[in-house]
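> The structure's right below; bear with me while I get my questions together.
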Amino acid sequence: MTNRLRTEIQEEEEVEEVIEERPARELPDNFFTQLFTKGFLTTEKATNALPFILFLAFLGMVYIGNMHYAEKSVREIDALTKEVKELGWDYKSTKADMAFKSTLTEVAKRADTLGLSQSVDPPGKITVKEVADGN
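Each position in the sequence shown, counted from 1, maps to that position plus 13 in the working numbering.
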């Protein structure tokens, strides 16, 4: 018994397959094909321009980052301005409340709860007589 598979493989190897070469496809004649094929933009020129292109990309990223930072700063300034206004309103209302509570009638009302009362007698004047000294 012979190995039939091996003989079939050897026969297939002997048969040469002819691969048809396709004709080169013609490119349409437009701006982009002329730009890349006619020698205006070569790989050498592209590699020479690469540092400049990377520099422009870096400047673009810095510009975008700066805009984000500026917008963030503006938002923070707006929030702080609102907070300052609210604190100013709190200060003014607290000041007015304190001025009201420090009036004579309000102090007297609060002192009554502690058992203190307002004097009805007018204040007296204290005078000190000088003693004649032998000098």
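Note that beta-carbon positions come from the ideal geometry of N, C-alpha and C, so glycine has one too.
1) Distance, Cα to Cα, GLU45 vs PHE53?
2) Should GLN131 and ALA121 be called a contact, given that it needs their Cβ atoms to be closer than 8 Å?
3) The alpha helix (DSSP H) that contains LEU63, what's its start and end?
4) So the alpha helix (DSSP H) LYS122 belongs to, where does it begin and stop?
5) Between GLN47 and the rest of its own chain, which residues show a CB-CB distance below 8 Å, the 5 nearest in sequence each way excluded?
6) Can you give me the C-alpha to C-alpha distance between ASP42 and PHE68, rounded to a whole angstrom?
In terms of the structure at hand:
1) This sequence places Phe at residue 45; Glu is not what is there. Answer to the nearest angstrom: the Cα atoms are 11 Å apart.
2) yes
3) 56-114
4) 117-126
5) PHE53
6) 33 Å
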